[in-house]
Amino acid sequence: MRKLSNELQRRFAPTRKNSSRNSAQQSRTRTRKEQANLATGLLFDFDGTLYGDWRLWISIIDGTLSDFKITITPHDALEMARRMIENGGNARSTIRISSIAAALAKDRGINLPEEEVRTRFFERLDARMDQTGPDEKLVKLLKEFTNRGCRMGIVTFVRKPRILRRLDVWKLKEYFPSVITPDDVLEFKPSPRPFLKAMKELHVQPDECFVVGDEPVDMMGGREAGAKTIGLPQGFFTGQELEKAGADRILSSLELLPTMVYK
589 MRKLSNELQR RFAPTRKNSS RNSAQQSRTR TRKEQANLAT GLLFDFDGTL YGDWRLWISI
649 IDGTLSDFKI TITPHDALEM ARRMIENGGN ARSTIRISSI AAALAKDRGI NLPEEEVRTR
709 FFERLDARMD QTGPDEKLVK LLKEFTNRGC RMGIVTFVRK PRILRRLDVW KLKEYFPSVI
769 TPDDVLEFKP SPRPFLKAMK ELHVQPDECF VVGDEPVDMM GGREAGAKTI GLPQGFFTGQ
829 ELEKAGADRI LSSLELLPTM VYK
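Quick note on this note's numbering: the sequence shown kicks off at 589 and runs consecutively.
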């Protein structure tokens, strides 16, 4: 009876070779799952990050006010932007670029309907964007990130119809499976909610994600969401203000981002 029992054990016990093969397969499966969970996520602001800088905003502000026969200098616009930022006194607030135009007009004793100014501003901005298209260096960068397996999204104050149209016209939709705007969440920047929603849609972990933006609210929301934050002082906020808001690193150009992501 004991001989029969031993024989059955030998016959049905897995061989070392099979056991090793199963172990290797399980290991590869775990590795694939871990790699999927550890994919690098990149969440970008749009205005001032993927497109435009303070020089462009001043140019559009100037053109918008010229429709109302108001003349300004770049220095005037920059000073007004800085004044609005400093008077706000709160890093948790953002700055509406179109509001700068209305404030400049008011500074000259002319009260313009802000909604009309805003409409004119975006008409000019959209026309400029249609004319210029995306920067070739940006497209090259997005292709590089995609080829390396990065998962990218946009978290922007730009309303959903405008940003989706922009990505469609520029043929950039394929690079951004997740686009989060104030239309998608109850609380927006500097809340972490829009960033967490984007991470969930992209299936990336917060500690493997980078948030890139030009405003303090990007740094604060991204940091609170558990991501690494990269400040890009191309807009009206300085590098020091972005650092104070929680930027882990400050980059002078988006082209330098790969040095942070791949290191």
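Every residue, glycine too, gets a C-beta built ideally from N, C-alpha and C.
Rounded to whole angstroms, the separation of the alpha carbons of R696 and I768 is 37 Å.
Ranking G741, D772, T817 and V757 by CA distance to the CA of M787 puts G741 first. Contiguous alpha helix (DSSP H) elements confined to the region 683-709 occur at 685-695, taking only those with 4 or more residues.
The beta-bridge partner set that DSSP reports for G741 consists of L631 and S766. Membership of G827 in any beta strand (DSSP E) is not indicated; the residue belongs instead to the alpha helix (DSSP H) covering G827 to K832. In this structure, the alpha-carbon of C797 lies about 16 Å from that of L842.
If you ignore the 5 residues before and after L713, its C-beta comes within less than 7 Å of the C-beta of I648, all in its own chain and listed in chain order. The C-beta distance from G721 to A627 rounds to 29 Å, too long to meet the 8 Å contact threshold. Excluding residues up to 5 positions away in sequence, L631, V743, V799, G809, G810, A813 and A815 lie with their Cβ nearer than 7 Å to the Cβ of F783 in the same chain.
Across the structure, V746 and E702 are spaced so that their CA atoms are roughly 17 Å apart. Counting C-beta atoms within 10 angstroms of its own C-beta, R739 has 16 or more neighbours from the protein chains shown and is therefore classed as buried. Going by DSSP, I751 is part of the alpha helix (DSSP H) stretching over K748 to V757. Distance from A833 to I818 at the Cβ level is roughly 12 Å; contact not present, criterion being Cβ atoms closer than 8 Å.
V705 and A690 do touch by the CB rule: their CB atoms are close to 5 Å apart, below 8 Å. CA-to-CA, the gap between F824 and M668 works out to about 10 Å. When K731, F709 and D771 are compared, the shortest CA-CA separation from K759 is found for K731.
Ranked by Cα distance from E674, the options P804, T847, L845 and S840 are led by P804. Taking a C-beta distance under 8 Å as the contact criterion, K785 and D772 qualify as a contact pair. Excluding its 5 nearest sequence neighbours in each direction, I751 has C-beta neighbours in its own chain below 8 Å: F634, I742, T744, V767 and T769, listed in chain order. Under the DSSP assignment, V800 falls in the beta strand (DSSP E) whose first and last residues are C797 to G801. Under the 10 Å beta carbon count, P778 is surrounded by 16 or more other beta carbons and is classified as buried.
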